[in-house]
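Chemist:
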Amino acid sequence: MKLLFFLLLLTPLTLTQLLASPLKHNTDSSPQNTSYEDKLGVTLSLPSEKKESNHKPLQYYPYLHAFTPLVGGIIDIKNIQNTKEIIWTLGFSYLFKKYYSPKWEVLMEISSNSLAFLHLSKRWIWNEKLGFRPYIKLGALSKVLPQGGLASFSDFKNYFLECSLGMEDLVTTAWSFRLESNLAISSQNLYFFLKMGYSWGLK
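Heads up: the sequence shown begins at 750 in my numbering, then just goes up one per residue.
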């Protein structure tokens, strides 16, 4: 009888404690979220997008010599105040065959004021087997006067020392755009040439 009475007192007390205490969660164990990558033991990644490059691919220039028609102009720097019109020039050049620079080049020009110029120079080329080819030239030129003819070659005053800076850029197969400036100095004159044209590469 006493045992029954003790159980009746204990039952409500136990229910009260159960209702008052919060449910315990297993905080130590994280929810199982095992992915396919974990099962394989490897990390899968999406292929990276290829970035488009704005750089043009390098072009190969296989030609060893070239022929170039040119058009340009001359400024007589010492007589620039007396110059009333632009002196135009028309000519052509030939770059002699050689695998690597320096290469010899000959250039002949006639001008709108009836002068003729004969250039002989050596050309040093950077990137000479690629599409874009800057270069420098060192050489000499001879001026032929209309009234002197061949006798102009015997006059020392008609000879100039010349330095040049230019570039060629491959446009299509065998054809390159050419831009060149020249400074020529003699005992009496100082000429500045600017010319452009299209170089035809030859094998």
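C-beta atoms are modelled at their ideal positions from N, C-alpha and C, and glycine is treated no differently.
Quick caveat, the model's predicted, so the values are computed rather than measured.
Go through its chain and collect everything with a Cβ distance to Lys-878's Cβ below 7 Å, but skip five positions before and after it.
Modeler: Closer than 7 Å at the Cβ level, and outside the excluded window around Lys-878, lie Tyr-809 and Tyr-810.
Chemist: Where does Lys-952 sit, in a helix, a strand or coil, going by DSSP?
Modeler: coil
Chemist: Three or more beta-carbon pairs under 8 Å between the region 828 to 839 and the region 847 to 854, yes or no?
Modeler: no
Chemist: Roughly how many whole angstroms lie between the Cα atoms of Thr-838 and Gly-822?
Modeler: 5 Å
Chemist: Kindly indicate which residue of Met-945, Gln-937 and Asp-918 has the alpha-carbon position closest to the one of Asn-703.
Modeler: Nothing about residue 703 can be reported from this structure: the residues present for the chain run from 750 to 952 only.
Chemist: Are Gly-950 and Glu-929 touching if we call contact CB-CB under 7 Å?
Modeler: no
Chemist: For a test of the three-state rule: what should DSSP assign to Lys-846, helix, strand or coil?
Modeler: coil
Chemist: Is it right to say Ser-935 is buried, meaning 16 or more other beta carbons lie within 10 angstroms of its own, or is it exposed?
Modeler: Result: buried.
Chemist: Using 10 angstroms around the beta-carbon of Gly-888, count the other beta-carbons present and answer buried if the total reaches 16, otherwise exposed.
Modeler: buried
Chemist: I need the straight-line Cα distance from Pro-883 to Gln-937, nearest angstrom please.
Modeler: Rounded to the nearest angstrom, the two C-alpha atoms are 30 Å apart.
Chemist: For Lys-773, collect the residues of the same chain with a Cβ closer than 7 Å to its Cβ; drop the 5 residues on either side in sequence, then sort them by chain order.
Modeler: Residue placement at Lys-773 cannot be trusted, given a pLDDT of 48 that sits under 50; the coordinates are not used to answer.
Chemist: Can you tell me whether DSSP reads Ser-903 as helix, strand or coil?
Modeler: Of the three classes helix, strand and coil, the one that applies to Ser-903 here is helix, per DSSP.
Chemist: Please confirm if Trp-875 has its CB atom under 7 Å from at least one CB of chain C.
Modeler: Absent from the structure: chain C. Only one protein chain is present.
Chemist: Go through its chain and collect everything with a Cβ distance to Thr-776's Cβ below 6 Å, but skip five positions before and after it.
Modeler: Residue placement at Thr-776 is poorly supported in this model, since its pLDDT is 48, which falls under 50; the coordinates still yield a value, given next. Same-chain partners within the cutoff: there are none.
Chemist: Name the two residues that bound the continuous beta strand (DSSP E) containing Ile-934.
Modeler: 924 to 934
Chemist: DSSP three-state label for Ile-859, please.
Modeler: strand
Chemist: For the beta strand (DSSP E) containing Glu-877, list its first residue and its last residue.
Modeler: No beta strand (DSSP E) holds Glu-877; DSSP gives it neither H nor E.
Chemist: To the nearest angstrom, how far is it from the Cα of Glu-858 to the Cα of Phe-866?
Modeler: 5 Å
Chemist: Under the assumption that Lys-827 contacts Leu-939 (Cβ atoms under 8 Å), give the Cβ distance between them as a whole number of angstroms.
Modeler: Indeed they touch by this definition, with Cβ atoms about 5 Å apart.
Chemist: Please return the same chain residues whose Cβ sits closer than 6 Å to the Cβ of Trp-875, not counting the five positions on each side in sequence.
Modeler: Pro-883
Chemist: Helix or strand or just coil, what does DSSP make of Ile-835?
Modeler: coil
Chemist: Figure out for me which residue from Arg-872, Val-820, Gly-880 and Trp-873 has the closest Cα to the Cα of Ala-923.
Modeler: Gly-880
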